[in-house]
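Protein chains in written order, with the numbering used here: chain E, 198 to 494; chain U, 198 to 494.
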């Protein structure tokens with residue numbers, strides 16, 4: 198069992214930290230929100246007064262922060278943790294941030310001989326609570342070997358992937374979520390066309406699932422209300438995964454594409470659609486509500 | 198066993214007719230290409246001198262023709278088959294054509310009391326030869342009950358769907374193939390972004406298959422060369438399913454959307470991409486070669 202500093206106890210970080218406690222790790226936690234710290238302390242974690250204090254005696258540091266600037270601020274510079282921790286510390290940043298910052302922090306850590314991985318997650322709040330998250334990891338093979346047993350405390354073993362070198366975890370997540378947005382909108386268009394021509398969306402969904410149109414949106418997250426039980430579309434688009442977060446992830450994907458010169462035309466179209474849907478006040482709703490936007494065009 | 202008139206013995210119709218012969222149906226066939234007729238006659242079919250002659254004593258007429266104008270010309274008007282056949286004839290048009298023509302022929306047949314279904318197929322030449330096609334059927338429930346045992350001679354029982362009323366088979370196929378084009382391009386963009394950032398396309402494919410980006414292109418038709426065995430991308434994009442045919446199907450999908458007022462923005466983007474790729478001389482190549490177009494933008 199490891200001594201872990203856990204930084205960032207939001208909707209995702211909170212349940213992730215609790216799952217690490219449940220499998221027996223020793224946790225010292227830090228978050229600006231005191232109530233978030235108290236909730237995890239109630240299950241056995243110690244509370245630190247700062248990220249640096251949490252990291253002091255930790256073998257492993259795990260961060261779950263909102264954006265690249267928070268990750269850079271935590272780890273880089275004179276006051277950052279990289280300058281303070283011992284070289285045998287393992288650092289896992291599970292935040293979803295821009296690949297450029299992830300690569301920058303990873304390279305700074307490598308220069309100091311510290312194992313750092315970007316390990317963004319997939320699966321959302323439900324998987325965080327259930328301990329069945331997917332992890333997409335960027336960094337060295339040696340760091341991945343150290344990280345995997347720790348990540349298994351929060352995720353499904355068969356969904357913990359070594360995507361490639363530093364930053365590759367963020368690239369993989371951005372690419373995946375862009376593809377998700379593309380096929381969610383494409384699925385919405387296909388269902389809207391069919392329904393307008395008198396087809397039952399449930400029947401058309403079954404046909405496309407059995408055919409070459411098949412995709413994750415059809416399989417487990419059908420955007421048409423009441424085609425599938427237990428999904429946001431059958432619950433007035435309560436999230437689930439918010440439009441706001443999809444717009445964030447599409448922005449990261451467009452940065453990834455731009456920085457390597459790939460013209461991601463479908464991804465840009467998805468970004469335009471989700472941004473327009475968000476601008477109409479749908480940011481807090483589930484991302485499958487893009488069906489309503491498609492029908493309203 | 199039925200007495201069947203089979204009209205149109207091209208790359209798809211030829212093997213479909215042979216499979217019907219193999220399960221014991223009596224076939225009279227017609228095609229403008231004599232060699233195509235001779236090939237099916239060698240397996241037991243009779244050759245007719247015209248569509249009308251083939252249809253004369255048939256219980257069932259199956260047509261597999263290139264476009265809506267051929268289907269309309271075969272069935273409608275004074276010289277058309279609807280005016281000649283008995284009302285207990287079952288007509289199955291397996292061609293991929295515009296939904297408006299399919300609906301027009303279906304309604305003309307219904308007025309005469311003739312059972313007509315549009316039954317476009319999915320699966321391509323390989324599935325036609327193997328007798329494992331999918332059929333998407335538009336027309337009455339009674340016609341579907343009559344059609345299914347016949348279609349089972351050419352397709353997989355669990356992939357024979359009653360999509361809805363007249364024209365619904367064509368709508369379902371157009372919607373499905375549009376969605377296929379959308380996720381094939383989206384998948385190509387995601388893989389191109391990843392590879393440009395140093396990720397192995399095979400590893401990124403595995404990650405996205407296990408995540409919410411999962412779709413048919415990743416599962417069975419990966420567009421990146423040598424990620425998957427036995428697919429066109431690993432064989433210099435030999436078809437498979439040609440770019441020319443995808444452009445045809447996207448054109449039909451855009452007609453379907455236009456005619457019901459759905460703004461299929463992803464579908465239109467896919468149409469623009471495939472048309473541009475076709476214009477660069479790639480019409481006869483497999484449609485997964487759109488990866489090359491994505492990388493070249």
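Note that beta-carbon positions come from the ideal geometry of N, C-alpha and C, so glycine has one too. Note that this is a predicted model, so its numbers are computed, not measured.
*Which bits of chain E does residue 445/U rub up against, with CB to CB less than 7 angstroms?*
Within 7 angstroms Cβ-Cβ: nothing; residue 445/U doesn't reach chain E, min ~15 angstroms.
*Please compile the residues from chain U whose C-beta is within a distance smaller than 7 angstroms of the C-beta of residue 380/E.*
379, 380, 383, 412
*Which term fits residue 481/E, buried or exposed, when burial requires 16 or more other beta carbons within 10 angstroms of its beta carbon?*
exposed
_According to DSSP, residue 359/E sits in a beta bridge with which residue or residues?_
334/E
*Residue range of the alpha helix (DSSP H) that residue 314/E falls in?*
That residue, residue 314/E, is in no alpha helix (DSSP H); its beta strand (DSSP E) goes 312-315.
*At a CB-CB cut-off below 9 angstroms, which residues of chain E make contact with residue 236/U?*
Those within 9 angstroms of residue 236/U in chain E number zero; the least Cβ separation is about 28 angstroms.
*Which residue or residues does DSSP assign as beta-bridge partners of residue 354/E?*
In the DSSP output, where bridge partners are listed per residue, residue 354/E has none listed.
*Among residues of its own chain, excluding the 5 on either side of residue 245/U, which ones have a beta-carbon nearer than 6 angstroms to its beta-carbon?*
225, 227, 251
*asked:* Please list, in chain order, the residues of the region 291-304 of chain E that have any C-beta partner in chain U closer than 8 angstroms.
replied: 296
*Step through the CB atoms of chain U and report whether any lies within less than 8 angstroms of the CB of residue 352/E.*
no
*Could you tell me whether any Cβ in chain U is nearer than 8 angstroms to the Cβ of residue 423/E?*
no
*Among 223/E, 321/E, 475/E, 404/E, which has the Cα closest to the Cα of residue 254/E?*
223/E
_residue 351/E vs residue 330/E beta-carbon contact at 8 angstroms_ = yes
*Are three or more beta carbon pairs between the region 299-315 of chain U and the region 273-290 of chain U nearer than 8 angstroms?*
yes
*Work out the CA separation of residue 469/U and residue 483/U for me, nearest whole Å.*
17 angstroms
_Using a Cβ-Cβ distance cut-off of 8 angstroms, determine whether residue 362/E contacts chain U._
yes
*asked:* Beta-carbon within less than 6 angstroms of residue 359/E's beta-carbon, same chain only, minus the 5 sequence neighbours each way: which residues are those?
replied: 334, 341
*asked:* Across the region 409-426 of chain U and the region 454-473 of chain U, are there enough close Cβ pairs to call them in contact, namely three or more that are closer than 8 angstroms?
replied: no
*Assuming residue 444/E contacts residue 390/U (C-beta within less than 8 angstroms), just tell me the rounded distance between them.*
Incorrect: roughly 18 angstroms between the Cβ atoms, too far for contact.
*Using only alpha-carbon positions, find the residue among 400/E, 278/E, 231/E that is nearest to residue 202/E.*
278/E
_Output needed in chain order: residues of the region 391-402 of chain E with a Cβ under 8 angstroms from some Cβ in chain U._
391, 393, 394, 395, 396, 397, 400, 401
*asked:* Looking at residue 412/U: is its Cβ nearer than 8 angstroms to the Cβ of residue 387/E?
replied: no
*What does a CB cutoff of less than 6 angstroms around residue 492/U pick up in its chain, not counting 5 residues either side in sequence?*
389
*In DSSP terms, what residue 223/E is bridged to*: 200/E
*What's the call for residue 475/E, buried or exposed, on a 16-neighbour Cβ count within 10 Å?*
buried
*With DSSP run on the structure shown, which of helix, strand or coil describes residue 257/U?*
strand
*How is the beta strand (DSSP E) around residue 287/E delimited, first residue to last?*
287-290
_So the candidates are 435/E, 462/E, 447/E; which of them puts its Cα closest to the Cα of residue 485/E?_
435/E
_Looking at the secondary structure, which residues open and close the alpha helix (DSSP H) in which residue 267/U lies?_
265-272
*Taking Cβ positions, are residue 294/E and residue 265/E nearer each other than 8 angstroms?*
yes
_For residue 446/U, the first and last residue of its enclosing alpha helix (DSSP H)_ = 440-457
_CA-to-CA distance, residue 383/U to residue 433/U, given in whole angstroms_ = 20 angstroms
*Assigned secondary structure, residue 318/E (DSSP; H/G/I helix, E/B strand, else coil)*: strand
*residue 404/E by DSSP, collapsed to three states: which one?*
helix
*For residue 463/E and chain U, any beta-carbon pair shorter than 8 angstroms?*
yes
*Can you give me the start and stop residues for the alpha helix (DSSP H) that residue 303/U sits inside?*
296-309
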